[in-house]
Amino acid sequence: MSNSITAFVLVGLAVNIYVGVQGVPLAKSVSQTETRQNSDIKPVEIPDFISTDPTYRIDCSPDEDEYRSFCQQNLSKNRTSNITSASCTARGCIYDSNAISGTPTCYIPLEKGGYELKEGPNQISNAVTQYKLARLSTPSSKFSMFNHDIENLKVQVSVSGPEMIRMTIRDDNAERYEVPVPIQWSPSVPPTSAPPKIQFQMTKTVNEQVGFRVYRTDTQSILFDTTFFANGFIYDDNFLQIVTTIPSKNAYGFGENGHNSFQHILKGSQRYGIFARDQWTLGENENSYGTHPFYMVIEPNGQTFGVWIFNSNAQDYKFDEFDVDKAMLTYRTIGGILDIFFFAGSTPEMVIRQYQSVIGKPYFPPYWAFGFQLCRYGYDTLDNMKAAMHRTLNASIPIDVHYGDIDYFHNRLDFTFDPINFKDIPEYIDWLHANGMKFITMLDPAIDTEAKDYPVYTEGQKADIWMKWPERRNLQFHETNDRKILGYVWPDGKTAFPDFFYPPTSDWWRTQILEYHNKIKFDGIWIDMNEPANFDTNKGTPWNYVYNHNGNNVTWNLTCPIEDEILENPPYKTAICGDYISDKTLCMIAELTDGKGKIYNHYDVHNLYGWSETVATVPVSRALDNKRSIVISRSTFATSGSISGHWLGDNTADWKHLKYNIIGMLEMNLFGIPYVGADICGFFANTTEQMCQRWMQLGAFNPFFRNHNGYKYGNDGPKFIDQDPAVFQESVVTSNRHAVELRYTLIPYLYTLFHRVHVSGGTVVRSMAHVFPTIAECWALDEQFLWDSSLLIAPVIYENHVNKSVYLPTTERWFDYYTGEEIKTLGQLTVPAPLDFIPLYLRGGAIIPHQQSAMNTVASRKKPLFLIVVLDKNQYAEGNLFFDDGESIDTYERSVYNYFIFNYNLQRLTIEPWTYNYPQMGNDIKLEDITIYGMDKAPTKVMWNGQDLVMSTQWTFDSTKNILRMTKLELNVAKIHKFNFV
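Under the working numbering, the very last position in the sequence shown is 984; numbers go up by exactly one each time.
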């Protein structure tokens, strides 16, 4: 390819327009009010291989092409093409009857499509630049895929400091739906001391089609560039598409989907849909519960950047190979606007912190939320619920939380409990509290409209808080006499759905929760089915429908106007599962309101339903006892992690789901939701002893650690077996106990990590690529992971395997967690992993706080502390510990906490209470033991605060493993302690 000439804008302090050749800038100063015409935008030559290789064709019939990789559940094995030459050319595209498999039959010519620059750049402020575009379509080059193209666009580019850029593309002539989720974005120019790390460019092709480019100012690496596929930039009323190149094959993120690997597969890749759906994990390309169009890329040199698309409509994405060593992304959405954020990094952790500066830093769960938690759908009786708890306690397995699923409700009605099978549950919860444990209740949003004497519904009806049919079209008025939309979920009766955008709904919800808390003293709230889910929409009858309905054998279902409403049957459905976009949810024409005159179509805000319920739930959960509490939500959106946690939804007792557990944790940490975990041992189907044993080992390193299984398949299937950790044979129970005890010893460390991300942002569970982005061998690893950057977890996730393949980077010192022995042979290893063992490794340079285990966190918080010091190649290590009362709100913000700094350097160990405003800790806890791994020579004397410690009695040194152990120290945590090793 010949030299590319582009023009670009650096929005910054000097407000310069640059003209450069191959990224070599030459500056011209302009005033802030000056408008530069498009003569400054020079053409970029498109590489020949894009025009000659069919792989790079832009699909002109994505709605019909037989090669599209839509949701695998919906694809016919005998698909035939609906595309004809006539239908293709009618769109202004080229038809190729001999197209090879995997390439479009109908594609957009390079010279068609896209937009041209009509005005700009206009400097709106010193941090904001604006351009105006017009669609390129003339009588001689007419092109339109769906005939509702937006003719004029406004592109606004703003910067926030040196590391973040936002590009927002709107209709210049009409207002379109924009996501109403609050975020934090303050345009500001970079200070002169910190020049921009990334820069936006406007480019154009020889056909005048504009491209959008973002690149690094230091390496000139192009991070995002639509220029080569400018013909694929479509901005239709119900179809928005952008195609960009990516400077690396290492792409991670986008969700929530069932990915088979953490690193995206490019060769033979699938298209993934994003649309909140009541969909269990299959490991195909299904869309599931959450909406997170964020991805992160590690460049070949290890530099990393992130991109977030702020859109809440149904959307899909597909990564592909590009050129020899790069990738490309095709992104589509069917509503809203294009609002794209770029984060410069340049490390993975910096990318996530930058992203969280926009969406909010993770919330800080209470201490007890890091203990072991137990649940099942299908206890059926309080006796069975108690039996599972007592099995666990009698096996001496620590536990902090028991859950109530919908089977403890009366007829599966929210805010009730079964007066026969669970009549004594208030007393059972009191017993849990008396013994240091907690109870969490489930709540579903669907409210039964037909139950007798059910004030939850009648109060909601009085307040008129339901999602509604539009006034212009109400298909259920004959049975409701009002506008609420009815569906069918778990209760016996037809259900209405609260509109959580409407402020009176939050008042109603708060009242119901507080009144329910007067009956049973639950400690947290688990919100499920909040996509929102509805059973078998548009089908004959819901699978669980009560046919004998009020004495009449009837059939009924929610049927949406799919034949003549564009929102119900848009021209492009995206690659989501289901025959129609309303599959397993409510009709897209349903309406929600903010109560201030703003009406939202469900089509636009469907992906925000779980978020809106979470926003309504968190304040009242904290008001229960004026404690931190927890809310665990199934459906999430960007910003959800700043107030709540997430479990990965319905999985299966299948070995491949252990890997999905790891991938899900890693992705949710990228999405700003580190308090996450899977249903340990599997929700669907019967687990096996070995599977549950291995999953409990992995589960001990899920931040949200809950064993949970389901009831049965459908109405008539056999009930799944119990899988609580003490129900198995003795050897497995012992293994499970050890896994949970290991978790409890590490809770001080985990709690400290969550404090850090709450205050500073970032991740807790990290991939090897995240921690070692410059090491190519780490980029694809997803069967081992780390807490922070120091504790490496290598779970066995395959049946009958008693060895584990582990990669330990040669750039570091690594130690066996259990023995402290240094691993001398590094790189790719195979290590023993018998059934009762999970391999763990410590990276040199860390000091990890531990605490003796106990039967729950109330007891364990009073146990002695101990430290493991792991020295790096320079005989250095550091760490910290955050400790407060574990449950009060905003202890950090109110400075009611203790913060300890640990440092080992130059044969000196210092333990310092940097902040000490929670004196109760000192009354309960002593620092008992300190173990140091990797000392380079044996000390002859150990001194503590100037006093000699007694060798053999107070300290020993293992010269074979180079481990120093100091025991029975009983140190006052309120004091500074200094150790010298002579």
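Backbone N, C-alpha and C define an ideal beta-carbon position, used for all residues, glycine too. Everything numeric in this text was worked out from a predicted model, so none of it was measured.
Query	Result
Whole runs of the alpha helix (DSSP H) within the stretch 307-370, excluding any shorter than 4 residues	350-361
Cut-off 7 Å between Cβ atoms - residues of its own chain near D227, not counting five sequence neighbours on either side	G213, R215, T246 and T247
Distance CB(R768)-CB(N671) smaller than 8 Å	yes
Pick from T418, E429 and P400 that is closest to D385, judged by C-alpha positions	E429
Three-pair Cβ contact test at 8 Å for the stretch 143-154 versus the stretch 316-331	no
Backbone CA spacing between E1001 and K963 [nearest angstrom]	Lying outside 3 to 984, the shown extent of the chain, residue 1001 is not represented and no answer is given.
Contact belief for D407 with F503 at Cβ below 8 Å, rounded distance in angstroms	Contact doesn't hold; Cβ gap of about 27 Å is too wide.
Rounded separation between Y405 and L831 - CA only	40 Å
CA-to-CA distance, S762 to P775, given in whole angstroms	21 Å
Inter-stretch contact at 8 Å, needing at least 3 Cβ pairs: the stretch 250-265 / the stretch 360-371	no
Pair within 8 Å by beta-carbon distance, Y602 and E593	yes
Inter-residue Cα distance where the pair is L112 and I167	28 Å
Under the three-state DSSP convention, the category I2 falls into	Since the first and last residues shown for the chain are 3 and 984, residue 2 lies out of range.
C-alpha distance - I171 paired with Y179, whole-angstrom precision	12 Å
Straight-line Cα distance separating M204 from P27	Its pLDDT being 30, under 50, P27 is placed unreliably in this model, and the value from its coordinates should be taken loosely. So the two alpha carbons sit approximately 14 Å from each other.
A778 classed as buried or exposed, judged by whether at least 16 other C-beta atoms fall within 10 angstroms	exposed
C-alpha gap between S139 and Q158, whole angstroms	23 Å
Cβ shell of K521 (< 6 Å), same chain only, five flanking positions each side left out	none
Separation of K939 from S954, as counted between CA atoms	17 Å
D420 beta carbon less than 8 Å from that of W492	no
Three CB pairs or more closer than 8 Å across the stretch 786-802 and the stretch 912-923	no
Contact test: A687 Cβ vs the ligand SAH heavy atom, cutoff 7 Å	The model on display carries no ligand, and the ligand SAH is accordingly not part of it.
Ranges of the beta strand (DSSP E) found wholly within the stretch 820-844, counting only runs of at least 3	829-834
Per-residue DSSP class, three states only, for L610	helix
Under 8 Å between C-beta atoms of N532 and R636	yes
Residue closest to E895, alpha-carbon to alpha-carbon, out of R758, T557, Y333 and V458	R758
Exposed unless 16 or more other CB atoms sit within 10 angstroms - verdict on H648	buried
Distance between T917 and L973 (C-alpha atoms, nearest Å)	17 Å
Enclosing beta strand (DSSP E) for Y662 [first to last residue]	Note, Y662: premise wrong, no beta strand (DSSP E); alpha helix (DSSP H) at K658 to L672.
C-alpha distance - T482 paired with I449, whole-angstrom precision	15 Å
Spatial neighbours of N1 in its chain, beta-carbon cut-off 7 Å, leaving aside the 5 residues before and after	Beyond the ends of the chain as shown, which are 3 and 984, falls residue 1; an answer cannot be given.
CB contact flag (F374, V742, <8 Å)	yes
Opening and closing residue of the alpha helix (DSSP H) in which E46 lies	Here the sequence assigns Val to residue 46, which means Glu is not the residue at that position. Neither: V46 is in no alpha helix (DSSP H) and is coded neither H nor E.
Buried versus exposed call for E615 [16 or more other C-beta atoms within 10 Å across all chains shown]	buried
Status (buried if at least 16 other CB within 10 Å, exposed otherwise) for R474	exposed
Local Cβ density within 10 Å of G362, reported as buried at 16 or more and exposed below that	buried
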